[in-house]
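Only one structure is covered here, and it is reproduced in the block below.
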Amino acid sequence: MSTLSGPTKTAQAPEVAAYWAERRRYLERIRKSPEVRQRFWREVAIYLARRLLWSFGFFPIFMAFWIPLVLSSFNPVVMASDLIPLLQDFVSSNPEVQATTLSTLTIAWASVGFFFLMFDFVLTPFKSPYEYEADVYMRAWEQLNHDQLPSKV
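If you want it as structure tokens, here you go:
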């Protein structure tokens with residue numbers, strides 16, 4: 001339920017519409033700016049590189065070392081003594097078994113990476129420099145037009 005009466009709502013609507021119209025106009029203006037466009041694409045590339053490195057570099061490698069370390073009760077000697085026979089069996093096996101093992105490890109690495117990539121995209125959405133510039137401009141615009149705007153815009 002709203003505590004505002006009908007006439008107050010209709011009085012605020014033009015000011016709110018003016019705010020969003022000015023924001024849209026400013027976004028259209030700065031989209032033509034080559035500096036902001038270049039910064040946008042650079043930040044997109046950095047964002048994607050960071051997400052890919054975290055998801056395919058850090059998390060699968062961390063899990064590949066962390067899970068065996070936990071299973072060996074945080075004793076690296078036990079972990080190494082458990083893994084050495086597995087590595088010897090891998091080296092002494094035929095090429096088909098080695099290829100199957102490597103493809104299984106690759107599929108596991110990719111699936112863990114894709115899972116964390118989707119999870120990471122949800123948790124850390126991209127922050128556009130256009131929106132940042134518009135927020136800064138609109139704060140200044142609000143201060144200049146403070147007397148014309150309602151109290152909660």
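Here the UniProt record's numbering is used: the first residue of the sequence shown is 1, the next is one more, and so on. Ideal Cβ placement from N, Cα and C applies to all residues, glycine included. Owing to the predicted nature of the structure, the values given are computational and were not obtained by experimental measurement.
Can you grab the Cα-Cα spacing for the pair residue i / residue j, in whole Å?
{"i": "I107", "j": "V77", "result": "28 Å"}
{"i": "N75", "j": "P85", "result": "17 Å"}
{"i": "G57", "j": "L102", "result": "17 Å"}
{"i": "Q143", "j": "R25", "result": "18 Å"}
{"i": "P14", "j": "L117", "result": "42 Å"}
{"i": "A140", "j": "D120", "result": "33 Å"}
{"i": "A99", "j": "I46", "result": "34 Å"}
Quick one: residues in its chain with C-beta nearer than 7 Å to the C-beta of residue i, no 5 flanking neighbours on either side, listed in chain order?
{"i": "R39", "result": "P129"}
{"i": "M79", "result": "P68, L69 and S72"}
Output needed for residue i: all residues of its chain with C-beta closer than 6 Å, excluding positions within five of it in sequence on either side, in chain order.
{"i": "G113", "result": "S55, F56 and P60"}
Excluding the 5 residues flanking residue i on each side, which residues of the same chain have their C-beta closer than 8 Å to its C-beta?
{"i": "R31", "result": "R37 and Y130"}
Can you tell me whether residue i sits near the ligand COA, meaning its C-beta is under 7 Å from at least one heavy atom of the ligand?
{"i": "I30", "result": "By its list of ligands, the structure shown contains no ligand whatsoever, and the ligand COA lies outside what it can speak to."}
Helix, strand or coil for residue i per DSSP?
{"i": "S33", "result": "coil"}
key: contact_flag[the segment 43-60, the segment 116-134] where n(CB pairs < 8 Å) is 3 or more   = Segments in contact, yes.
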